[in-house]
Amino acid sequence: MNILTFDIEEWFHILDHQSTKTEKEWSQYESRIHANMDRIFQLLDDTGNSATFFCLGWVARKYPEVIKRIDAAGYEVATHSDMHQLAYEQTPEAFREDLARSIAVLADITGKKIRAYRAPGFSVKAENRWVFPILVEQGIEIDCSVFPARRAHGGDATFGSAEPCYIDINGQLLKEFPINTVPVLGKDMIFSGGGYFRLFPPKLLSRFMRQSGYVMTYFHPRDFDAGQPLIPNLSAARRFKSYYGLKGCWSKLKWLLETYPFVDLDQADKSIDWSTRKVQKLEISESYGSIIR
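Right under this line is the structure:
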């Protein structure tokens, strides 16, 4: 099962950097989302693939035509938060408000229920799993926020599953589609999206794809935009992570979609026999302050 997803944000929505942190800073940068989305739509048409689009509420308010076009093409619209902030830097109350705003604007534009969520930067860690009951409370049925390995912006290597599973939160069930991993030299490696996808050559990506019975991709419009400006004051490490491989990434995506079959999240959900899936049981206090696994 290979699942195709895109996180719809602008090229300057780089996390954990002062000059790209809030809407005030974002106003300093040019918009590139329309041209980048045009290419994605055309490639999906050319390859006959469907995809799920995790969209920012901010994008929906600023560029409602982008969301309308996604929906009109028959693609699934999900939420990627409202203002693209790291979940573990928010209070539960702030997280709830941000999530509710994003759901409201996306549902208003599409006229459809928003069923799925992905946290910016996969920023759900062991210490902020209070995110999960808030997702359920707000009507989210599927989460795609778990990154079951170490990561700069989060990651939860203790989660215990890199395949679709249930999260049982005090008796309430949430379907989880985590990022997939492959074992490399005794470590769990990520390859199916973002900078990881840009880093690996097609030959190695093909090997990883063949090893994987489950693949959850996550791409951003900026991953294929070799002409985007350089964000100022990035460290050498952040510059490498954000810009390496941009020139060759579009051809790799085209190769990937022409070589392997993909489905969207809704199709994947319907194809799974959930009665056979692992249940990750979490107990979360009413204050969302502590979690016992």
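With full-length UniProt numbering, letter number 272 in the sequence shown gets 272, and the count goes up by one each step, no holes.
Every residue, glycine too, gets a C-beta built ideally from N, C-alpha and C.
How about residue i and residue j: are their beta carbons less than 8 Å apart?
i: V77; j: I33; result: no
i: G155; j: A149; result: yes
i: G186; j: D223; result: no
i: F95; j: V59; result: no
i: S50; j: D264; result: yes
i: A87; j: V124; result: yes
i: K112; j: E141; result: no
i: I231; j: H13; result: no
i: L199; j: G245; result: yes
i: D7; j: Y243; result: no
Mapping DSSP to helix, strand and coil, what is residue i?
i: P188; result: Strictly speaking, residue 188 in this sequence is Asp, with Pro absent from that position. DSSP places D188 in strand when its eight states are reduced to three.
i: N36; result: helix
i: K62; result: helix
i: Y196; result: helix
i: A268; result: helix
i: I284; result: strand
i: P183; result: strand
i: F95; result: helix
i: I14; result: coil
i: F41; result: helix
i: Y29; result: coil
i: I67; result: helix
i: A107; result: helix
i: K278; result: coil
i: F53; result: strand
i: E9; result: coil
i: K203; result: helix
i: L86; result: coil
i: K113; result: coil
i: L234; result: coil
i: P229; result: coil
i: Y243; result: helix
i: S81; result: coil
i: T22; result: coil
i: D273; result: coil
i: R118; result: coil
i: S123; result: coil
Between residue i and residue j, how many whole angstroms is the CB-CB distance? I'm expecting something under 8 Å.
i: S102; j: G139; result: Rounded, the Cβ-Cβ distance is 12 Å, inconsistent with contact.
i: L282; j: I169; result: 5 Å
i: M83; j: E23; result: 7 Å
i: P120; j: H80; result: 6 Å
i: F147; j: F122; result: 4 Å
i: M37; j: Y214; result: Incorrect: roughly 27 Å between the Cβ atoms, too far for contact.
i: Q280; j: Y166; result: 7 Å
i: F208; j: K252; result: Rounded, the Cβ-Cβ distance is 13 Å, inconsistent with contact.
i: E9; j: H220; result: 6 Å
i: residue 302; j: A268; result: The structure shown does not extend to residue 302, since the chain is modelled only from 1 to 293, so the question has no answer here.
i: F41; j: T5; result: With a Cβ gap of about 15 Å, F41 and T5 do not count as contacting.
Have a look at the DSSP bridge pairing and note the partners of residue i.
i: I3; result: M216, V263
i: E76; result: T52
i: E176; result: D143, C165
Taking 8 Å as the CB-CB cut-off, is residue i touching chain C?
i: D38; result: In summary, chain C is missing from the structure at hand, where a single protein chain is found.
Continuous beta strand (DSSP E) assignments of at least 3 residues falling wholly in the segment 125–171: Entirely contained in the segment 125–171, the beta strand (DSSP E) runs reaching 3 residues are, in chain order, 165–169.
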